[in-house]
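**Student:**
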Amino acid sequence: MTLGVADRQASLLDDMSEFCEKTLAKDSIYAFLHRERDRLFPDEAFADLFADDGRRSVPPSVVAAVMVLQRLEGLSDREAAERYAFDARWRYAAGVGSYDTSEWTIFSHTVFVDMRERLRRSTDPDRVFAIVLDAAKAAGLVGRKRVLDSTPLYDAVATMDTITLIRSAVRNLLKVTDGSLRAEVLAVLTSGDDYASSDKPQIDWEDAPARERLVDTRAKDAYACLLALEGRELTDVVTEAARLLATVVGQDLEEGDDKILRIARKVAKDRVISVVDPEARHGHKTSAHGFDGYKGHVAIDPDSEIITATTVSAGNAGDASVAEQLIGDLLENDEVTGDDAVREGQGEPGALGHERATVYGDAAYGTGELQSRLKDANIASKCKTQPPVAKNGLFTKDRFLVDLGTDTVTCPNDVTVKIRRLKDGDGIAKFATHCVTCPLAWQCTTSRIGRKIRVGIHEAVVARARVEQKDPKWRADYRATRPKVERKLGHLMRRRHGGRRARVRGKLRVAADFSLLAAAANLARLAKLEVRSIEGGGWMMAG
Ligand code: SF4
77 MTLGVADRQA SLLDDMSEFC EKTLAKDSIY AFLHRERDRL FPDEAFADLF ADDGRRSVPP
137 SVVAAVMVLQ RLEGLSDREA AERYAFDARW RYAAGVGSYD TSEWTIFSHT VFVDMRERLR
197 RSTDPDRVFA IVLDAAKAAG LVGRKRVLDS TPLYDAVATM DTITLIRSAV RNLLKVTDGS
257 LRAEVLAVLT SGDDYASSDK PQIDWEDAPA RERLVDTRAK DAYACLLALE GRELTDVVTE
317 AARLLATVVG QDLEEGDDKI LRIARKVAKD RVISVVDPEA RHGHKTSAHG FDGYKGHVAI
377 DPDSEIITAT TVSAGNAGDA SVAEQLIGDL LENDEVTGDD AVREGQGEPG ALGHERATVY
437 GDAAYGTGEL QSRLKDANIA SKCKTQPPVA KNGLFTKDRF LVDLGTDTVT CPNDVTVKIR
497 RLKDGDGIAK FATHCVTCPL AWQCTTSRIG RKIRVGIHEA VVARARVEQK DPKWRADYRA
557 TRPKVERKLG HLMRRRHGGR RARVRGKLRV AADFSLLAAA ANLARLAKLE VRSIEGGGWM
617 MAG
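In structure tokens, the structure reads:
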């Protein structure tokens with residue numbers, strides 16, 4: 077397909093466009109896209125996606141604008157194609173004359189699928205987000221503060237139970253093998269199941285021995301398949317299917333002394349929950365709130381509320397594990413830009429101190445590792461580090477004096493012991509026999525081998541963070557700033573289609589869709605702030 081090129085919007089003189097011009101609010105996303113679409117999404121910015129020969133594509137500048145509106149309004153592909161065809165505001169935003177039905181001025185919903193796939197396979201899949209962010213930066217809307225948070229993105233597919241996981245993985249394997257290899261794999265199946273249907277085998281689910289037999293026989297089929305493939309040269313797709321089968325059969329089962337394979341009573345740490353979307357995981361946003369799928373992570377500038385970065389992780393990933401990705405621009409770049417530069421230049425109270433940036437986050441970001449990374453990068457941390465806790469009201473760790481100079485710990489009974497360091501730098505202080513005769517023991521430990529205090533490699537920076545967080549100014553700033561990211565995530569998730577529940581499968585696709593949603597939210601924000609392009613280059617805020 078070759079690149080289709082849109083007419084320039086200046087040629088729109090039809091009465092519907094005139095009507096939109098007169099009636100739409102100047103800060104509406106439709107008016108903004110109508111005015112700035114050519115600057116933001118010129119067809120040439122997508123030329124690499126349409127380098128083949130063949131018929132002309134729908135101009136990508138038009139598709140990009142419509143995809144943004146689709147994500148903003150939470151519509152399916154079919155609904156968006158229909159809205160583009162019949163809603164005057166959408167046509168006005170996309171720069172299409174109202175009564176024009178020639179060529180690409182009406183198109184099918186499959187155009188969105190095609191565009192997403194082309195973007196995903198390209199070297200710059202997040203370009204729509206990057207283009208919008210660059211405009212926000214040029215308008216001075218991205219300073220040096222970031223607030224981080226994450227939100228659950230529910231899986232687009234159903235979570236599978238163990239028996240469905242194993243059967244689906246065997247079915248997958250049979251689907252991708254053919255010829256003599258398929259015949260050999262089929263020959264080792266002994267359960268009597270032909271794996272032709274995805275329906276669960278009909279048994280009496282109240283009958284425990286029948287359930288046990290079902291699990292054992294299908295698991296033995298799975299192991300037999302893997303054994304049949306062992307040592308062979310396989311195609312990538314068969315290798316991948318075999319790997320998935322090995323994972324699902326290995327994660328949930330354990331063999332008893334009687335050689336029967338049963339469902340294990342524990343849950344594997346990184347358990348695959350669906351063979352249709354093997355990258356999704358069971359996660360927890362809070363201890364009470366579990367979900368299946370992914371986590372969408374964002375960083376925002378708290379002053380302009382522009383989203384500066386997004387990423388998606390498996391649902392069970394810790395928030396701090398992707399924090400460096402979200403603040404990659406701060407870690408790389410120490411240039412002073414945007415509102416902070418103005419404030420710093422004017423010496424206003426909002427100006428930052430000697431640190432070159434500030435990062436805010438809840439306790440999920442208050443890990444020693446991230447606190448150390450921020451400190452090393454000379455970035456102020458407003459990430460909350462939880463105070464130490466101890467069970468049953470026993471002495472918490474902050475009742476002990478950790479002296480990193482002498483590498484010792486002194487307990488409330490004035491006993492000092494040396495910290496024993498492990499290879500990774502973490503350490504442990506054991507009070508052992510000192511506790512046996514200690515009069516404070518009933519307040520300190522219930523262990524027969526005495527109290528232990530762990531001293532991590534990042535102990536100093538964590539302790540410093542806890543002290544800083546007691547400062548009323550620190551707390552007031554945290555309380556005033558951090559909730560902004562929660563509001564932004566709430567705003568992103570409220571969409572009926574493609575909000576909380578992912579509408580695609582696989583981490584890369586979910587991440588691309590989340591990034592597009594963030595780009596759409598940013599565009600709506602630029603429209604609200606009446607940002608406009610400057611002739612000759614650049615962007616500015618109105619007034
Ligand atoms: S119980 Fe052990 S660690 Fe606790 S105060 Fe007594 S001696 Fe110290």
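FYI, the numbering used here numbers position 293 of the sequence shown as 369, with every residue one higher than the one before it. Note that the Cβ used here is the ideal one computed from N, Cα and C, for glycine as well. No experiment lies behind these values; they were computed from the predicted model shown.
Can you say whether L653 is buried or exposed, counting buried as having 16 or more other CB atoms within 10 angstroms of its CB?
**Tutor:** An answer regarding residue 653 cannot be provided, because it is not within the stretch 77 to 619 covered by the chain.
**Student:** For the ligand SF4, which residues have a Cβ under 6 Å from at least one heavy atom, in chain order?
**Tutor:** With the cut-off at 6 Å, the residues found are C487, P488, N489, V491, F507, H510, C511, C514, L516, A517, C520, T521, G526 and R527.
**Student:** What do you get for V343, buried or exposed, if any count of 16 or more other CB atoms within 10 angstroms of its CB means buried?
**Tutor:** Position 267 of the sequence shown, counted from the start, is the residue given in the question as residue 343. It is exposed - the Cβ of V343 has fewer than 16 other Cβ atoms within 10 Å.
**Student:** So, using beta-carbon positions, are K451 and D103 closer together than 8 Å?
**Tutor:** Taking the sequence shown and counting its residues from 1, the one referred to as residue 451 is at position 375. Taking the sequence shown and counting its residues from 1, the one referred to as residue 103 is at position 27. Not closer than 8 Å, so no.
**Student:** Check whether the Cβ of G612 lies closer than 7 Å to any heavy atom of the ligand ATP, and answer yes or no.
**Tutor:** With respect to small molecules bound, the structure shown includes the ligand SF4 and not the ligand ATP.
**Student:** Would you tell me roughly how many angstroms separate the C-alpha atoms of A298 and A259, rounded to the nearest one?
**Tutor:** Along the sequence shown, one-based indexing puts residue 298 at 222. Along the sequence shown, one-based indexing puts residue 259 at 183. Those two C-alpha atoms are separated by around 15 Å.
**Student:** Does DSSP put P228 in a helix, in a strand, or in coil?
**Tutor:** To locate residue 228, count along the sequence shown from 1; it is residue 152. Reduced to three states, the DSSP call for P228 is strand.
**Student:** Which of helix, strand or coil does DSSP assign to L602?
**Tutor:** Position 526 of the sequence shown, counted from the start, is the residue given in the question as residue 602. The answer is helix: DSSP assigns L602 an H, G or I state.
**Student:** Between D283, E535, S591 and D202, which lies nearest to R497 when the distance is taken from Cα to Cα?
**Tutor:** If you number the sequence shown from 1, residue 497 lands on position 421. Taking only the C-alpha atoms, the option nearest R497 is E535.
**Student:** What did DSSP end up calling S591 once you bin it into helix, strand or coil?
**Tutor:** Position 515 of the sequence shown, counted from the start, is the residue given in the question as residue 591. Helix.
**Student:** Can you give me the C-alpha to C-alpha distance between V140 and A304, rounded to a whole angstrom?
**Tutor:** The residue given as residue 140 occupies position 64 in the sequence shown. The residue given as residue 304 occupies position 228 in the sequence shown. Correcting the residue type first, residue 140 is Ala in the shown sequence and not Val. Approximately 48 Å, taken between the alpha carbons.
**Student:** Classify T509: buried if its beta carbon has 16 or more other beta carbons within 10 angstroms, exposed otherwise.
**Tutor:** Along the sequence shown, one-based indexing puts residue 509 at 433. T509 comes out exposed.
**Student:** Measuring CB to CB, does I349 end up less than 8 Å from V291?
**Tutor:** In the sequence shown, residue 349 corresponds to position 273, counting from 1. In the sequence shown, residue 291 corresponds to position 215, counting from 1. No, the pair does not count as a contact, with Cβ atoms beyond the cut-off.
**Student:** Please say whether T434 and K221 have beta carbons closer to each other than 8 Å?
**Tutor:** Here residue 221 refers to the residue found at position 145 when the sequence shown is read from its first residue. Here residue 434 refers to the residue found at position 358 when the sequence shown is read from its first residue. Contact: yes.
**Student:** Provide the residue span of the beta strand (DSSP E) that contains A456, from first to last.
**Tutor:** In the sequence shown, counting from the first residue as 1, residue 456 sits at position 380. Counting along the chain, the beta strand (DSSP E) containing A456 begins and ends at A456 to C459.
**Student:** Between V252 and L321, which are expected to be in contact by the criterion C-beta below 8 Å, what is the C-beta distance as a whole number of angstroms?
**Tutor:** Position 176 of the sequence shown, counted from the start, is the residue given in the question as residue 252. Position 245 of the sequence shown, counted from the start, is the residue given in the question as residue 321. Actually they are not in contact, since the Cβ atoms of V252 and L321 sit about 11 Å apart, beyond 8 Å.
**Student:** Would you call the segment 552-569 and the segment 354-366 in contact, with 3 or more CB pairs under 8 Å?
**Tutor:** No, the segment 552-569 is not in contact with the segment 354-366.
**Student:** I'd like the span of the alpha helix (DSSP H) that includes R576, first residue to last.
**Tutor:** Stepping through the sequence shown from its first residue, residue 576 is reached at position 500. Where R576 is concerned, there is no enclosing alpha helix (DSSP H), given that its DSSP letter is neither H nor E.
**Student:** Taking I455 as the reference, which of K276, E331 and I403 has the closest Cα?
**Tutor:** Here residue 455 refers to the residue found at position 379 when the sequence shown is read from its first residue. Nearest option by C-alpha distance: I403.
**Student:** At the level of alpha carbons, what is the spacing between A517 and A393?
**Tutor:** Along the sequence shown, read from residue 1 onward, the residue named residue 517 stands at position 441. Along the sequence shown, read from residue 1 onward, the residue named residue 393 stands at position 317. Rounded to whole angstroms, A517 to A393 spans 38 Å at the Cα level.
**Student:** Would you kindly work out how many angstroms separate the C-alpha atoms of Q447 and K473, rounded to a whole number?
**Tutor:** Within the sequence shown, numbered from 1, the residue matching residue 447 stands at position 371. Within the sequence shown, numbered from 1, the residue matching residue 473 stands at position 397. About 19 Å.
**Student:** Using a 10 Å radius around the Cβ and a threshold of 16 neighbouring Cβ atoms, would you call E331 buried or exposed?
**Tutor:** Position 255 of the sequence shown, counted from the start, is the residue given in the question as residue 331. Under this definition E331 is an exposed residue.
**Student:** Look at the alpha carbon of K460 and the alpha carbon of T443, and state the distance between them as a whole number of angstroms.
**Tutor:** Translated into positions along the sequence shown, residue 460 becomes position 384. Translated into positions along the sequence shown, residue 443 becomes position 367. Those two C-alpha atoms are separated by around 9 Å.
**Student:** Quick test of your reading: V134 and F183, contact by CB under 8 Å. State the CB separation rounded to the nearest angstrom.
**Tutor:** Against the sequence shown, residue 134 aligns to sequence position 58. Against the sequence shown, residue 183 aligns to sequence position 107. That belief holds up - the Cβ atoms of V134 and F183 are roughly 5 Å apart, short of 8 Å.
**Student:** Could you please give the first and the last residue of the uninterrupted alpha helix (DSSP H) stretch that includes G255?
**Tutor:** Indexing the sequence shown from 1 puts residue 255 at position 179. From DSSP, the alpha helix (DSSP H) with G255 extends over G255 to A263.
**Student:** Going by other Cβ atoms of all chains shown within 10 Å of its Cβ, with 16 needed for buried, is G426 buried or exposed?
**Tutor:** Within the sequence shown, numbered from 1, the residue matching residue 426 stands at position 350. With a pLDDT of only 40 at G426, under 50, the local geometry of the prediction cannot be trusted, and the value read off the model is given with reservation. Looking at its Cβ environment, which holds fewer than 16 other Cβ atoms inside 10 Å, G426 is exposed.
**Student:** Could you check the C-alpha separation between C514 and D490 for me, to the nearest Å?
**Tutor:** Position 438 of the sequence shown, counted from the start, is the residue given in the question as residue 514. Position 414 of the sequence shown, counted from the start, is the residue given in the question as residue 490. C-alpha separation (whole angstroms): 10 Å.
**Student:** Between which two residues does the beta strand (DSSP E) carrying A505 extend?
**Tutor:** Indexing the sequence shown from 1 puts residue 505 at position 429. Start and end: G503 to K506.
**Student:** Can at least three beta-carbon pairs, one atom from the segment 117-130 and one from the segment 197-207, be found at a separation below 8 Å?
**Tutor:** The segment 117-130 is in contact with the segment 197-207.
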